[in-house]
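Trainee: Let me give you the structure first, and then I'll get to my questions.
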Amino acid sequence: MFPVWDQQPSDRSNSLSLDLFLFSAFFLDQDQFDNLDKHSQWGIDFLERYAKFVKERLEIEQAYAKQLRSLVKKYCPKRSKDDEFTSCLSFYSILNELNDYAGQREVVAEEMGHKVYGELMRYSQDLKGERKLHLQEGRKTQQYLDQCWKHMDNSKKKFERECKEAEKSQLIYERLDNDINATKSEVEKAKSQLYLRQHLVEESKNEYAAQLQNFNSEQWKHFNVAIPQIFKNLQDMDERRTVKLGEMYRSFAEVERRVIPIISKCLEGMVTAAKNVDERRDSGVVVESFKSGFEPPGDFPFEDFSQNIQRTGSDGTIGTPKTEGGKPDPKHAVARTKNKLWLFGKKPKAPTLEDLSHLPPEQRRKKLQQRIDELNKELQKEMDQRDALNKMKDVYEKNPQMGDPGSLQPKISETICNMEKLRSEIHKNEVTFPEDHSALTANVLNHVLDVHDHSQEHRSPPQPDPHEFDDEFDDDDPLPAIGHCKALYSFDGSNEGTLVMNENEVLYVIEIDKGDGWTRVRKQGGEEGYVPTSYVEITLEKNSKGAVTYI
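Quick note: the sequence shown uses full-length UniProt numbering, first residue 1, plus one each step.
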C-alpha cells in the first residue's frame, strides 16, 4: 500500500472545497465587474445628458438673441425725420441698448458652447476611452486567472485518472499474486504495470501540485493586487467625473455672472433713455416744425351798403364815414379774405411752385435752406472732382507715358459746366430766401390767389422809378454800392434798361435781385443798368442788409 492512498479521501474533500471556492470567487468577481461596468456607463450617460441640457440651453440663448436682433432691426428707423423728438431718440437708445443686450446673450451662448458643452463632450470621449481600457485590463486579468485555473483543473483531473488506473493495476497484481494458478510471467507483468502506474501517478501528482501552487499564487495576485488596482482606477475615474461635473456647474453659472454687469449697464441705459424724454422739447419741435410765420388776420371792416341812400338834413343819424371816392377800401375787401390760410380751416389748393412760395414763410425758409445745403454739397463734390482732374492732368503733362492730358479736358469742361449750373441754382435759391416775414406773407397770399410761372429768359428788366430815391438821395448823387460782382458770361444788353457786360468784367452792385432774376449794377464809368443775376458772381458787403457771399 502507498501513503498516497491513505490520503485519498481527504484529498477529494479538499478538491471539492477548492472547486466550490473557485466557483464562488469567479462569480463574485464577475458580478463586481458587471456592477462597475454598469455604474461607469451610467456616469458617462449622465455626463452626456448634462451636456445635452447645456446644448439645448445655448440654442435657446442663440434663438433669443436672434429674435431680439430681428426685433431691433424691425423697429429701427429707416429715416431720420423723427430724430428731433426726445421720445423717438429715447426709443432709439433703448433699441441700441436692447441690441447690446442681445449681443450679451450671444456671448453667453458662445461661452457655454466652448467652455461648457465643448469641454463636456471632450471629457466624455476621454472617459469612454479610459473606461474601456480599465475594463479590458480587468477582463484580461480574469481571463489569465481562468486559464491558470483550467491548467490546474486539467492537471488535477489527470492526477485523478492516474490514481484510478494505479488502483486498478494494484487490484490486478494482488489478485494474480494470490492466485496459485497464475504463472510467474503473469505476476511479473502485473507487477511491472503497477510500478508504471505508480510512476505516472507520482508525475501527475507533482504536475498537479505545481499547477495548484501557480494558480494559488496568481489568484492571490488577482484578488490582492490586480483587481484592487483596477477597481481603484475605476473609482478614481468616477471621482474625477464627479469633480468635472461640479466644475462645469460652476462654469455654467460663471458664464451668466460675467455678463451681468454689462447687462446691468444696458438696463441702466434704458432707464437713462426714459429719463431723457422731455415733453416740453418735443412740443417745441412740433411748434418749430409747423410754424407758418403768417401774421394774424386783421379785423373785418364794416361795409355800409346804405351809403348811396340820400338822407335829409334833419336826420340825426350819424353816417358811416366814406372812403375816398365813395368806394370801400379794396385792401380790406371781403373777396380778398376768403382765401386766407386759417389754422383750422381748409387750405386753398395752391400749386407746388419751384421757389416754394406756396409754403408758409417758416416752412419755406427751412425748405430753401435744405435745398441750398444739398446744392452746396453737390457743388463741393464737383469742385473736388475738378481739382482731382486738374492734378491728374498735371501729372499726365509731366509724365506723358502715363496718359494723354487732352483726354481729361472733356471731363474737366463738363465738371466746370456742372459747377456753373449748381452756382446758378444756389444763387437763385439764395435770392428767394425769405428775409421779411410780413413781405413774405403777402407774397405767399398773392401766389395763392394768382400763381405766375415765368422763366428768367422771358422776364423783362424792371423799369426804375425816377421818384424812388427822391426822399433819400438827390438827383445828382448816385446810389451807393452794396457790393461788387464779376461777370461769368457776356451780355449784350439789347433790352431797354439793361447794361452791356463783358465776361470777367467787375461791376458795382447797387440793387440786389428782388426775385425777378435781374440785378442792378454800375460800371466803373458810372453807367448803370440791369443784368441777369445768373450771369454774375455777386459778393455783398458785410455791413449791408442781408449780406450774403455768393460763390
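Don't be surprised by glycine CBs; every beta carbon is placed ideally from N, CA and C.
For L540, report the span of its beta strand (DSSP E) as first-last.
Mentor: Locating residue 540 in the sequence shown gives position 540, where the first residue counts as 1. Unbroken beta strand (DSSP E) run through L540: V536 to L540.
Trainee: Which runs of the alpha helix (DSSP H) fall wholly inside the UniProt domain "REM-1" (358-435) and span at least 4 residues, in chain order?
Mentor: Taking only runs of at least 4 residues, the alpha helix (DSSP H) segments lying wholly in the UniProt domain "REM-1" (358-435) are 361-398 and 409-431.
Trainee: Starting from the Cα of A274, find the closest Cα among G43, L89 and L58 and give me that residue.
Mentor: Translated into positions along the sequence shown, residue 274 becomes position 274. Comparing Cα positions, the closest option is L89.
Trainee: Return the residue from the list V506, G517, W518 and L171 that minimises the CA-CA distance to T539.
Mentor: Along the sequence shown, read from residue 1 onward, the residue named residue 539 stands at position 539. Nearest C-alpha to T539: V506.
Trainee: Where are the alpha helix (DSSP H) runs, 4 residues long or more, that stay fully inside the region 161-226, in chain order?
Mentor: DSSP runs (the alpha helix (DSSP H)) wholly in the region 161-226: 184-221.
Trainee: Starting from Y489, follow the beta strand (DSSP E) in both directions and report where the run begins and ends.
Mentor: Sequence index remark: in the sequence shown, residue 489 carries index 489 (1-based). Careful: Y489 lies outside any beta strand (DSSP E) and carries neither H nor E.
Trainee: Please say whether Y208 and K156 have beta carbons closer to each other than 9 Å?
Mentor: Numbered from its first residue, the sequence shown carries residue 156 at position 156. Numbered from its first residue, the sequence shown carries residue 208 at position 208. Yes, they are a contact pair.
Trainee: Pull up the DSSP beta-bridge partners for W149, would you.
Mentor: Position 149 of the sequence shown, counted from the first residue, corresponds to residue 149. BP columns for W149 are empty, so no partner.
Trainee: Do D177 and K191 have their C-beta atoms within less than 9 Å of each other?
Mentor: Numbered from its first residue, the sequence shown carries residue 177 at position 177. Numbered from its first residue, the sequence shown carries residue 191 at position 191. For D177 and K191, yes; Cβs fall inside 9 Å.
Trainee: Going along the chain, which residues of its own chain have a beta-carbon closer than 8 Å to the beta-carbon of I372, five neighbours each way excluded?
Mentor: The residue you call residue 372 lines up with position 372 of the sequence shown. I426, N429, E430 and F433.
Trainee: Measure the alpha-carbon distance for R240 versus L120 and round it to whole angstroms.
Mentor: Taking the sequence shown and counting its residues from 1, the one referred to as residue 240 is at position 240. Taking the sequence shown and counting its residues from 1, the one referred to as residue 120 is at position 120. Between R240 and L120, the C-alpha separation is close to 13 Å.
Trainee: Label S534 either buried or exposed according to how many other C-beta atoms from any shown protein chain fall within 10 Å of its C-beta, with 16 as the threshold for buried.
Mentor: Position 534 of the sequence shown, counting from 1, holds the residue named residue 534. Its Cβ being crowded by 16 or more others within 10 Å, S534 is buried.
Trainee: Rounded to whole angstroms, what's the CA-CA distance from L422 to L408? Just pull it up for me.
Mentor: Residue 422 sits at position 422 when you count from the first residue of the sequence shown. Residue 408 sits at position 408 when you count from the first residue of the sequence shown. Approximately 21 Å, taken between the alpha carbons.
Trainee: Give the DSSP-derived three-state secondary structure of L507 in the structure shown.
Mentor: Translated into the one-based positions of the sequence shown, residue 507 becomes position 507. Residue state, collapsed to three classes: strand.
Trainee: May I have the straight-line CA-CA distance separating K327 from G298, to the nearest angstrom?
Mentor: Here residue 327 is taken as the residue at index 327 of the sequence shown, counted from 1. Here residue 298 is taken as the residue at index 298 of the sequence shown, counted from 1. Low confidence applies here, because K327 scores a pLDDT of 43, under 50, leaving its location unreliable and the question unanswered by this model.
Trainee: Can you name the residues that DSSP bridges to W518?
Mentor: What you label residue 518 is simply residue 518 of the sequence shown in a count that begins at 1. Paired residues: P532.
Trainee: List the residues that DSSP assigns as beta-bridge partners of H484.
Mentor: If you number the sequence shown from 1, residue 484 lands on position 484. H484 pairs with Y508 and T539.
Trainee: Given a cut-off of 9 Å, decide if G103 and L58 are closer than it, judged by their beta-carbon atoms.
Mentor: As a working note, residue 58 is residue 58 in the sequence shown. As a working note, residue 103 is residue 103 in the sequence shown. Their beta carbons are not under 9 Å apart, which means L58 does not touch G103 by this criterion.
Trainee: For M237, which residues in the same chain have their Cβ closer than 6 Å to its Cβ, ignoring the five residues on either side in sequence?
Mentor: For the purposes of this step, residue 237 is identified with residue 237 of the sequence shown, where counting begins at 1. Answer for M237: E130, listed in chain order.
Trainee: Could you check the C-alpha separation between L212 and Q229 for me, to the nearest Å?
Mentor: The residue you call residue 212 lines up with position 212 of the sequence shown. The residue you call residue 229 lines up with position 229 of the sequence shown. If I take the Cα positions, the gap works out to 24 Å.
Trainee: Between the Cα of T242 and the Cα atoms of F46, Q136, F305 and V521, which residue gives the shortest distance?
Mentor: The sequence position of residue 242 within the sequence shown is 242, counting from 1. Closest by alpha carbon: F46.
Trainee: Are the beta-carbon atoms of V255 and V116 separated by less than 9 Å?
Mentor: Taking the sequence shown and counting its residues from 1, the one referred to as residue 255 is at position 255. Taking the sequence shown and counting its residues from 1, the one referred to as residue 116 is at position 116. Yes, the Cβ-Cβ distance between V255 and V116 is below 9 Å.
Trainee: Locate the alpha helix (DSSP H) running through T86, then write down its first and last residues.
Mentor: Your numbering for residue 86 matches position 86 in the sequence shown. T86 -> alpha helix (DSSP H) spans T86 to E111.
Trainee: Would you say E97 and G284 are within 9 Å of each other, going by their C-beta atoms?
Mentor: Translated into the one-based positions of the sequence shown, residue 97 becomes position 97. Translated into the one-based positions of the sequence shown, residue 284 becomes position 284. For E97 and G284, no; Cβs fall outside 9 Å.
Trainee: Excluding the five sequence neighbours on either side, which residues of its own chain have a C-beta within less than 7 Å of the C-beta of D492, listed in chain order?
Mentor: One-based indexing of the sequence shown puts residue 492 at position 492. Taken in chain order, the residues that qualify are V500.
Trainee: For E203 and Q193, what's the separation of their Cα atoms in angstroms?
Mentor: Indexing the sequence shown from 1 puts residue 203 at position 203. Indexing the sequence shown from 1 puts residue 193 at position 193. Answer to the nearest angstrom: the Cα atoms are 15 Å apart.
Trainee: In its own chain, which residues sit with a C-beta less than 8 Å from the C-beta of D278, not counting the 5 before and 5 after it?
Mentor: Here the question's residue 278 lines up with position 278 in the sequence shown. Once the five neighbours on either side are set aside, the close Cβ partners of D278 are T86.
Trainee: Can A481 and N504 be called in contact, C-beta distance under 9 Å?
Mentor: On the sequence shown, position 481 is the one that residue 481 refers to. On the sequence shown, position 504 is the one that residue 504 refers to. No, these two residues do not count as a Cβ contact at 9 Å.
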